[in-house]
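Reviewing the structure listed below.
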Amino acid sequence: MPVPGAADRDETTAARSSGSTGARALTIIRNYFREHSLREVFGILAEQYLGTLLRSIPGAEGLALRSLLYRGLFKKLDGFAFIYQGAYIDHCHGISAGRSLSINSMAYVSGRGGLTIGDGVLIGPNTVVVSHNHNYESRLRPISEQGHRLAPTFIGDDCMICANSVVLAGVRVATGTVVSSGAIVTKDTEPYSIVAGIPARHIRYRDEPTPDDQPLTHEEVYQSGP
Ligand SMILES: CC(C)(COP(=O)(O)OP(=O)(O)OC[C@H]1O[C@@H](n2cnc3c(N)ncnc32)[C@H](O)[C@@H]1OP(=O)(O)O)[C@@H](O)C(=O)NCCC(=O)NCCS
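By the count of the numbering used here, the sequence shown reaches residue 263 at its end, each step adding exactly one.
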């Protein structure tokens, strides 16, 4: 069936897929197993089935069960995590997170390429945090068959990733950064900065402590909990 825009195709380098739909599906599955160990595949299945069972449980029991689940599935998760109803987390084997993590409803967080999250991080509703992308440079194969580019991604201590924002793969969100709602973070941020817009740009810094302030130590703030 003709596809809108098909006339734009460069016929000399048109994407050559692996053939039938079945063959294409096989290529995608083969790539998936190439990119993951068997142990990771079982972890992914566990996060899909158990995540689906627990994702919509309301109240304190929902929070407690999801915290327990992700403590088991993450590479590392310190203490209790507030994972709200509807948050979707995948490739948990690649995620290391500190204390007091909060992931709000409908956020999508993926540890596929390796995701490190510090202490006291708030991830807002409808946000997207990814650590991988599809390879897409070659014209000779469909993007869906080119495999993935993994890019370790980092979110420092005390960051707030506000509603509807996106943190792209490979970015370092520095300690104390506030990512404003709707921003798309394409580059590393500066410590204690507030960034906004698409692409996210520095708008200002958070307040400096005054000489009269008596800041708590990191340990005092994030007392080791359960
Ligand atoms: C990050 C945030 C809290 C900053 O708010 P703020 O301190 O009041 O920001 P400021 O008033 O200092 O804004 C400075 C400038 O940035 C702009 N700005 C603020 N937020 C912006 C945003 N989300 N996108 C684009 N620009 C923004 C302001 O318009 C202002 O521009 P101007 O100087 O040209 O007038 C706010 O932008 C935000 O994103 N709030 C949403 C919080 C949220 O999602 N909460 C749910 C978490 S669970």
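Beta carbons are placed, not taken as given, at the ideal position from N, Cα and C, and that holds for glycine.
Residue i in three-state terms, based on DSSP
i, result
"residue 208", "coil"
"residue 76", "helix"
"residue 167", "coil"
"residue 81", "helix"
"residue 159", "strand"
8 Å Cβ shell around residue i - same chain, five flanking residues per side excluded
i, result
"residue 207", "150, 168, 188, 189, 190"
"residue 99", "91, 93, 122"
"residue 159", "139, 141, 196, 197, 198"
"residue 212", "155, 193, 194, 195, 196, 228, 229"
Terminal residues of the beta strand (DSSP E) in which residue i lies
i, result
"residue 64", "Careful: residue 64 lies outside any beta strand (DSSP E), inside the alpha helix (DSSP H) at 58-72."
"residue 177", "Taken as a continuous stretch (DSSP letters only), residue 177 belongs to no beta strand (DSSP E), as it is neither H nor E."
Residue i - partner residues in DSSP beta bridges
i, result
"residue 119", "139"
"residue 113", "133"
"residue 241", "231"
"residue 91", "DSSP, once it has assigned bridges, lists no residue as partnering residue 91."
"residue 192", "154, 210"
"residue 271", "Nothing can be reported for residue 271, as the shown portion of the chain is limited to 38 through 263."
"residue 186", "170"
Residues near residue i by beta carbon distance below 6 Å, same chain, minus five either side
i, result
"residue 236", "221, 223"
"residue 114", "107, 108, 134"
"residue 166", "146, 204"
"residue 242", "229, 230"
"residue 312", "An answer regarding residue 312 cannot be provided, because it is not within the stretch 38 to 263 covered by the chain."
"residue 192", "154, 158, 210"
"residue 258", "none"
Cβ neighbours of residue i in the same chain (closer than 7 Å, five flanking residues each side left out)
i, result
"residue 142", "121, 122, 123, 124, 162"
"residue 184", "68, 72, 172"
"residue 95", "122"
Opening and closing residue of the alpha helix (DSSP H) in which residue i lies
i, result
"residue 258", "255-258"
Item to check | Segment contact flag, the region 191-200 with the region 209-224, C-beta cutoff 8 Å, min 3 pairs | outcome: yes
Next on the checklist: With a threshold of 8 Å, are at least 3 pairs of Cβ atoms found where one atom belongs to the region 154-166 and the other to the region 131-146?
Outcome noted: yes
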